[in-house]
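Here the sequence shown is numbered in my numbering, starting from -4 and rising by one per residue.
C-beta: ideal position from N, C-alpha, C; glycine also.
In this text the structure is predicted, and so the values were computed from the model without any measurement.
Please read the structure below before turning to the comments.
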Amino acid sequence: MTDTVWTGLVTITDTRYAMLAQLAGQWLAEERPEPVPIGQNSGYEDKAIYVVANQEGLACYCGRTAPRRMLTQGAAATRLHQHASRTTSKKEEWAEYWVIPLSSATPDHVVSDLERTVAARLGIPLVHRARIPRRRT
């Protein structure tokens, strides 16, 4: 097994999910208070916040979706597949995920702000890397 990236601090429960979903306010499309096993589709959503839990049910990752093209399945399932196929530790550690589906009209800055807020409430560190163009010499 690879080194653990983040084991999580907070257990995701139906009550905790409801509190997090309410943070979306007017942008919440619907509540989905059930965890979805990694590899399964949660339903269809375009924009969303997703929280990944490990085998112990601890929140270990928070992400967002805002695809720029139409998808055949939910954006959260698509994004999680991308993560798991690129990183062995995520594939080994992640067990399930919870989705906070947002209205497709949700502005991108609201999606980003909500991702940061949900992560902060769960004690999950976010790493945002600014893309700096390479200087060619």
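Which same chain residues, not among the five before or five after residue i, have their C-beta less than 7 Å away from its C-beta?
| i | result |
| --- | --- |
| TRP22 | LEU97, SER98, THR101, VAL105 |
| TYR12 | PRO28, TRP93 |
| ARG111 | LEU121 |
In its own chain, which residues sit with a C-beta less than 6 Å from the C-beta of residue i, not counting the 5 before and 5 after it?
| i | result |
| --- | --- |
| GLU51 | none |
Could you tell me which of the options sits nearest to residue i, measuring between CA atoms?
| i | options | result |
| --- | --- | --- |
| ALA90 | ALA115, CYS55, ILE33, LEU15 | ILE33 |
| TYR39 | CYS55, THR6, TYR56, GLU25 | GLU25 |
| LEU15 | GLU88, VAL46, TYR56, ASP103 | VAL46 |
| ARG116 | ASP103, GLU88, CYS55 | CYS55 |
Here's the rule I'm using: 16 or more other beta-carbon atoms within 10 Å means buried, otherwise exposed. How should residue i be labelled?
| i | result |
| --- | --- |
| THR10 | exposed |
| THR8 | exposed |
| GLY118 | exposed |
| LEU53 | buried |
| PRO30 | buried |
| GLY58 | buried |
| ALA19 | buried |
| ILE95 | buried |
| THR60 | buried |
What whole-angstrom Cβ distance do residue i and residue j have, given they're in contact under 8 Å?
| i | j | result |
| --- | --- | --- |
| LEU109 | ILE44 | 5 Å |
| ASN49 | GLU88 | 5 Å |
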